[in-house]
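Following: one structure in structure tokens, then a few remarks.
Residue numbers (the UniProt record's numbering): 1 to 435.
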């Protein structure tokens, strides 16, 4: 067993049976100390018993592992995390697995059917993770898994409440991934297909028997290990098959001042998934939209043209000149390093309102260069960046987050925004400049 968990502490909710039990047993077998949480209720969330969690703990201890039982409802996540801290002194891993079903058609659904599902699945995952979060931040380490469902991805008849809750958890984990990134806290979503107390109601018994929880366990085990590096992703497992779910968007179509009639006429183009693009983050989507609009402006002749003055030394009255000089020196020393970019980026530096100067990064020509002024030789910039002088200096120094600057409008980009990510190496060199 190369993937060991010695010294790690995990909380597994709903670990008295089914999937949760297999996770707890496997982690313990690999050296992890486990808090086995289970209210001991039925699949409808209407009863409780300590026996289920106790039996799993006994099984772990009998095999030489370390575990402790917790019988609290997941809505009291602070109590579950306290059990981990009191017994093991830390918390490294949270697997939000606990769940119930209240299957009923939407017409017959009651407020209780809705509220109980959200209390266990969404509030439960929130409460346990919220209580564990400060410990993970302080130790700069954490692995979080939330459990969604194919019902949350595709919907399912008779499970409006359950599907809505499971869909919410995907957004929950994706957002945690972004907030936890700088603290080495990874958060991902699991979509399991396995026979359990819950799936008995929606699957025939022979299929329940074929979909052993054990088939899902290897994926979860890997997802919470030290060596796992993915975050903000959705992974799926069932019957020995493993995969991932991603979001793709159609190329769509820009229709200026569109009416509903215009959309109706162009619907086949708007929804055509040929050439669809993968979108990983909301920042990528914002950048993609800006790029699409810029391309549309260029094709319709509405793109603005800048001044043509160029050449000369970088002006000393512009603080970021030092950054561009550093880039220029780097390109001159190793032009082959930027040739793979095959693009031109134009920076428009302002004082916050008025233009101070333009700098061109020409990595498209045979002789790459960084120079003062607008793009030369009749070429066009693949991306144009407009930013205040002081803000650009702060971004390069790491004092201002580039994504936040972009989202707040401090960093404005037209054209291929993704090119900017490829300039990171040059900006890292520029940080060393004495400003």
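Glycine residues also receive a C-beta, built at the ideal position from the N, C-alpha and C atoms.
Inset, instruction - Along the beta strand (DSSP E) that carries residue 144, what are the first and last residues, could you check? - result: On the chain shown, position 144 is the one that residue 144 refers to. 142-147 is the span of the beta strand (DSSP E), which, as asked, contains residue 144.
Inset, instruction - Tell me whether residue 207 is buried or exposed, calling it buried when 16 or more other Cβ atoms sit within 10 Å of its Cβ. - result: Looking up residue 207 in the chain shown gives position 207. Exposed, because fewer than 16 other Cβ atoms sit within 10 Å of the Cβ of residue 207.
Legend entry - Residues that residue 277 bridges to, as DSSP identifies them: Looking up residue 277 in the chain shown gives position 277. Answer is 249, bridged to residue 277.
Inset, instruction - Mark residue 33 as exposed unless 16 or more other C-beta atoms lie within 10 angstroms of its C-beta, in which case mark it buried. - result: Locating residue 33 in the chain shown gives position 33, where the first residue counts as 1. Residue 33 comes out buried.
Legend entry - Inter-residue spacing [alpha-carbon to alpha-carbon] between residue 117 and residue 88: Indexing the chain shown from 1 puts residue 117 at position 117. Indexing the chain shown from 1 puts residue 88 at position 88. One C-alpha to the other measures close to 31 Å.
Legend entry - Alpha-carbon spacing of residue 272 relative to residue 296, whole angstroms: Numbered from its first residue, the chain shown carries residue 272 at position 272. Numbered from its first residue, the chain shown carries residue 296 at position 296. Computed Cα separation, rounded: 18 Å.
Inset, instruction - State the Cα-Cα distance for the pair residue 155 and residue 113, rounded to the nearest angstrom. - result: In the chain shown, counting from the first residue as 1, residue 155 sits at position 155. In the chain shown, counting from the first residue as 1, residue 113 sits at position 113. The alpha-carbon atoms of residue 155 and residue 113 are separated by roughly 17 Å.
Inset, instruction - Determine which residues share a DSSP beta bridge with residue 33 and list them. - result: As a first step, residue 33 must be located in the chain shown, where it is residue number 33. According to DSSP, which records beta bridges pairwise, residue 33 is partnered with 9 and 66.
Legend entry - Element boundaries [alpha helix (DSSP H), containing residue 167]: For the purposes of this step, residue 167 is identified with residue 167 of the chain shown, where counting begins at 1. Unbroken alpha helix (DSSP H) run through residue 167: 160-180.
Legend entry - Buried or exposed by the 16-neighbour rule on C-beta atoms within 10 Å, applied to residue 251: As a first step, residue 251 must be located in the chain shown, where it is residue number 251. Exposed: under 16 other Cβ atoms inside 10 Å.
Inset, instruction - Would you give the residue range spanned by the beta strand (DSSP E) that residue 369 belongs to? - result: One-based indexing of the chain shown puts residue 369 at position 369. First-last of the beta strand (DSSP E) with residue 369: 369-372.
Legend entry - Rounded C-alpha distance that separates residue 332 from residue 396: Counting from one through the chain shown, the residue named residue 332 turns up at place 332. Counting from one through the chain shown, the residue named residue 396 turns up at place 396. Computed Cα separation, rounded: 20 Å.
Inset, instruction - Closer than 6 Å by C-beta to residue 213: which residues in its own chain qualify, once you throw out the five before and the five after it? Chain order, please. - result: As a first step, residue 213 must be located in the chain shown, where it is residue number 213. So the list reads 18, 19, 22 and 194, once near-sequence residues are dropped.
Legend entry - Which of helix, strand or coil DSSP assigns to residue 230: In the chain shown, residue 230 corresponds to position 230, counting from 1. Residue 230: coil per DSSP, three-state reduction.
Inset, instruction - Give me the Cα-Cα distance between residue 10 and residue 92, rounded to the nearest whole angstrom. - result: Here residue 10 refers to the residue found at position 10 when the chain shown is read from its first residue. Here residue 92 refers to the residue found at position 92 when the chain shown is read from its first residue. In a straight line, the C-alpha of residue 10 is about 6 Å away from that of residue 92.
Inset, instruction - Could you check the C-alpha separation between residue 374 and residue 354 for me, to the nearest Å? - result: Taking the first residue of the chain shown as position 1, residue 374 is located at position 374. Taking the first residue of the chain shown as position 1, residue 354 is located at position 354. Their Cα atoms are separated by approximately 16 Å.
Legend entry - Rounded C-alpha distance that separates residue 64 from residue 86: Counted from its first residue, the chain shown places residue 64 at position 64. Counted from its first residue, the chain shown places residue 86 at position 86. When rounded, the distance between both Cα atoms is 21 Å.
Legend entry - Spatially closest choice to residue 160 from 146, 103, 177 and 336, by CA coordinates: Here residue 160 refers to the residue found at position 160 when the chain shown is read from its first residue. Answer by Cα proximity: 103.
Legend entry - Given residue 77 as reference, the closest of 39, 130, 393 and 5 once Cα atoms are compared: One-based indexing of the chain shown puts residue 77 at position 77. Closest option to residue 77, Cα to Cα, is 130.
Legend entry - CA nearest to the CA of residue 414, picked from 349, 345, 399 and 400: Numbered from its first residue, the chain shown carries residue 414 at position 414. Ranking 349, 345, 399 and 400 by Cα distance to residue 414 puts 345 first.
Legend entry - Check whether residue 417 and residue 386 have beta carbons under 8 Å apart: As a first step, residue 417 must be located in the chain shown, where it is residue number 417. As a first step, residue 386 must be located in the chain shown, where it is residue number 386. It is not a contact, given that the beta carbons lie outside the stated cut-off.
Legend entry - Rounded Cβ spacing between residue 223 and residue 183 (contact assumed at less than 8 Å): Here residue 223 refers to the residue found at position 223 of the chain shown. Here residue 183 refers to the residue found at position 183 of the chain shown. Rounded, the Cβ-Cβ distance is 18 Å, inconsistent with contact.
Legend entry - Cβ shell of residue 314 (< 6 Å), same chain only, five flanking positions each side left out: The count along the chain shown starts at 1 and reaches residue 314 at position 314. 321, 324, 325 and 372.
Legend entry - Continuous alpha helix (DSSP H) stretch holding residue 134: start and end: For the purposes of this step, residue 134 is taken as the residue at position 134 of the chain shown. 124-139 is the extent of the alpha helix (DSSP H) around residue 134.
Inset, instruction - Quick one: give me the first and last residue of the alpha helix (DSSP H) that residue 188 is part of. - result: Against the chain shown, residue 188 aligns to sequence position 188. Unbroken run through residue 188 is the beta strand (DSSP E), 185-192; no alpha helix (DSSP H).
Legend entry - Segment limits, alpha helix (DSSP H) that includes residue 263: Walking along the chain shown from the start, residue 263 turns up at place 263. Counting along the chain, the alpha helix (DSSP H) containing residue 263 begins and ends at 260-265.
Legend entry - Cβ-based burial, residue 264 [other Cβ within 10 Å; buried from 16]: By one-based count along the chain shown, residue 264 stands at place 264. Exposed: under 16 other Cβ atoms inside 10 Å.
Legend entry - Exposure of residue 293, with buried meaning 16 or more beta-carbon neighbours within 10 Å: Position 293 of the chain shown holds residue 293. Looking at its Cβ environment, which holds fewer than 16 other Cβ atoms inside 10 Å, residue 293 is exposed.
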